[in-house]
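Q: Positions 1081 to 1309 (our numbering) are the ones given, in order, by the sequence shown.
For each residue, glycine too, the CB sits at the ideal point set by N, CA and C.
This structure is a prediction, so every number in the text was calculated from the model and none was measured.
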Amino acid sequence: MPKNERPEIRYIFSDMDNTLFDFVHAKVEACAAVVDRIGTGNSFEMLSYFLRGIYGFENLENIEDYLKEKYVFSESLFEECCGIYETVKVENVTLYDGVRETIETVKDIGCSFIIVTDADTENAYRRMRRVKLDGLVDDVIAYDMSGKKKPDLGAFEFALDRAGAKAAESMYIGDSLRRDIAPAKKIGMVTAYAAYGDRNEHDRDFFFEPDYKLDNIREILDIIQKDTL
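(1) Let's test the definition: count the other Cβ atoms within 10 Å of the Cβ of residue 1213 and tell me whether it reaches 16, buried, or not, exposed.
(2) Can you look up residue 1224 in the DSSP assignment and give me helix, strand or coil?
(3) With a threshold of 8 Å on Cβ separation, who are the neighbours of residue 1041 within its own chain once the five nearest residues in sequence on each side are excluded?
(4) Hey, which unbroken runs of the beta strand (DSSP E) at 3 residues or more fall wholly within the region 1231–1295?
(5) Under 8 Å between the Cβ atoms of residue 1107 and residue 1187?
(6) When the Cα of residue 1093 is compared with those of 1127, 1217 and 1234, which residue comes out closest?
(7) Using a threshold of 8 Å, state whether the C-beta atoms of residue 1252 and residue 1191 are closer than that.
(8) When DSSP labels each residue in this structure, what does residue 1175 get in the three-state scheme?
(9) Over the uninterrupted beta strand (DSSP E) stretch that includes residue 1094, give me the two end residues.
(10) Starting from residue 1219, follow its DSSP beta bridges and name the residues at the other end.
(11) Suppose you measure from the CA of residue 1184 to the CA of residue 1150; what does that come to, to the nearest Å?
(12) Could you say which of 1300, 1243 and 1287 lies nearest to residue 1259 if we only look at CA atoms?
(13) Which of the three DSSP states, helix, strand or coil, is assigned to residue 1103?
(14) Within the chosen definition, does the region 1132–1147 reach the region 1167–1182 through at least 3 CB pairs nearer than 8 Å?
(15) I need the DSSP call for residue 1188, collapsed to helix, strand or coil.
(16) Kindly give me the distance between the Cβ atoms of residue 1248 and residue 1087, rounded to whole angstroms, as I take these residues to be in contact under 8 Å.
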């Protein structure tokens, strides 16, 4: 369907990590704090343990493996390092420029703004409270609610069903072409690729054409407002 003939966009669905804020930076700072505590290794080396795909990007068992690799593991040190990691990670979550103002404008013009994330509910809301978005967005749909992780189409279908939205009247914003843009477009959503936040080094060989490419999240406002004229 040509862009000027599609239904008006009424729902904005957005990824959270690296789309609304630089989550990789927050994790690097958290890893650095753990490395400082144990006195060996470096933050990017530790971060690589979270990227292995063994336990998942959020799982604290990655810290256990790292401590064992450095021959410093004990249950008490592991628990202490997990506490350090989680505290420093959340402390370093800060919004990208323009995110709050963009969401406020989206709401002012009568659209819904809904977050869809692979984080679990507890972690998602911890980050949302940190950046004071929990009272601004309309909903946060976490992995443990849908039971599906992106790029599984079920995660997107669950979000649409929960909001009572049709795919054709919905936009999805995300920093990953593979995990966000391709599946959202497959089910008929308008897609906006958050190129400014793409830190997906392991997906560099994957390409999928989005409907829009964003250098700043504010650019979605021009897209939405053109559709409402």
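A: Straight from the coordinates:
(1) The C-beta of residue 1213 has 16 or more other C-beta atoms within 10 Å across all chains shown, which makes the residue buried.
(2) When secondary structure is reduced to three states using DSSP, residue 1224 falls in the helix class.
(3) Coverage of the chain is limited to positions 1081 through 1309, which leaves residue 1041 absent and any answer about it impossible.
(4) Fully enclosed beta strand (DSSP E) runs of 3 or longer: 1250–1254, 1270–1274 and 1292–1294.
(5) No, these two residues do not count as a Cβ contact at 8 Å.
(6) Check the Cα spacing between residue 1093 and each of 1127, 1217 and 1234: the tightest is with 1217.
(7) If you check the CB distance, residue 1252 and residue 1191 do not come in under 8 Å.
(8) Of the three classes helix, strand and coil, the one that applies to residue 1175 here is strand, per DSSP.
(9) Where residue 1094 is concerned, the enclosing beta strand (DSSP E) stretches over 1091–1094.
(10) Partner(s): 1194.
(11) So the alpha carbons of these two residues sit roughly 46 Å apart.
(12) The shortest C-alpha to C-alpha distance from residue 1259 to any of 1300, 1243 and 1287 is the one to 1287.
(13) Here residue 1103 sits in helix by DSSP.
(14) By the Cβ rule, the region 1132–1147 does not count as touching the region 1167–1182, because fewer than three pairs are nearer than 8 Å.
(15) Taken through DSSP and simplified to helix, strand or coil, residue 1188 comes out as helix.
(16) Going by Cβ atoms, the distance from residue 1248 to residue 1087 rounds to 5 Å, so yes, they are a contact pair.
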